[in-house]
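First comes the structure, then the notes that go with it.
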Amino acid sequence: MPGLEDLYREIILDHYRTPRNRGELAPPAVKAEGHNPLCGDEIQVYIDVADGMVRDVKITGQGCSISQSSASMMSAAVKGKSIDDIRNLVRRFKHMMSIEEEGNDSPIDESQSLGDLEALQGVVKFPVRIKCAVLSWNTLLDALNNA
Ligand code: ZN
Numbered sequence: 002m003p004g005l006e007d008l009y010r011e012i013i014l015d016h017y018r019t020p021r022n023r024g025e026l027a028p029p030a031v032k033a034e035g036h037n038p039l040c041g042d043e044i045q046v047y048i049d050v051a052d053g054m055v056r057d058v059k060i061t062g063q064g065c066s067i068s069q070s071s072a073s074m075m076s077a078a079v080k081g082k083s084i085d086d087i088r089n090l091v092r093r094f095k096h097m098m099s100i101e102e103e104g105n106d107s108p109i110d111e112s113q114s115l116g117d118l119e120a121l122q123g124v125v126k127f128p129v130r131i132k133c134a135v136l137s138w139n140t141l142l143d144a145l146n147n148a
């Protein structure tokens, strides 16, 4: 489809230049850190969890445009959502990145659009960049597991 890649590039650049939910959360918010040594990307994810929901999320870090824009999109996509919904979203995002969860054979519900996150699906053509795109998502899972 002509123009679609330009649109996707625009969304990725927008999140890179104007990252959403940038900053830190004070304890008792949970913090997790992720590194992608292949590219030098670093991400810190802070989540404030209450009543089974991620009430607030903040991101700090540095690295390539894919890692940082993916983190920004992730933060916008999970803020205010239930942990169940978020785990489902992480699984769908990683599925889009051709990464399947081990030991989870339940069908993936692909009826809902992933919204801006679909802008990152082109990354799957560049396997070395997939780690950049999923870094913040794996760091989010670490934070959820510590919450
Ligand atoms: Zn990177």
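Numbered according to this note's numbering, the sequence shown spans residues 2 to 148.
Even for Gly, the Cβ is constructed at its ideal location relative to N, Cα and C.
Predicted model, so just to flag it, every value in this text is computed and none were measured.
Span separating the alpha-carbon of residue i from that of residue j
i, j, result
"residue 76", "residue 140", "11 Å"
"residue 84", "residue 55", "7 Å"
"residue 64", "residue 70", "10 Å"
"residue 22", "residue 62", "12 Å"
"residue 102", "residue 58", "24 Å"
"residue 68", "residue 95", "14 Å"
"residue 18", "residue 120", "15 Å"
"residue 39", "residue 86", "30 Å"
"residue 44", "residue 37", "9 Å"
"residue 111", "residue 27", "35 Å"
"residue 133", "residue 105", "23 Å"
"residue 136", "residue 127", "15 Å"
"residue 81", "residue 138", "16 Å"
"residue 29", "residue 51", "11 Å"
"residue 125", "residue 97", "8 Å"
CB contact flag (residue i, residue j, <9 Å)
i, j, result
"residue 42", "residue 74", "no"
"residue 35", "residue 143", "yes"
"residue 9", "residue 123", "yes"
"residue 99", "residue 131", "yes"
"residue 66", "residue 109", "no"
"residue 72", "residue 20", "yes"
"residue 115", "residue 145", "no"
Contact set for residue i: own chain, Cβ-Cβ below 7 Å, skip 5 residues either direction
i, result
"residue 147", "31, 33"
"residue 6", "123"
"residue 53", "83, 84"
Neighbourhood of residue i by C-beta, 6 Å cutoff - its chain only, sequence neighbours within 5 removed
i, result
"residue 15", "none"
"residue 11", "none"
"residue 182", "Lying outside 2 to 148, the shown extent of the chain, residue 182 is not represented and no answer is given."
"residue 49", "26, 30, 56, 57"
Close beta carbons around residue i, own chain, < 8 Å, minus the five adjacent residues each side
i, result
"residue 92", "102, 105, 109"
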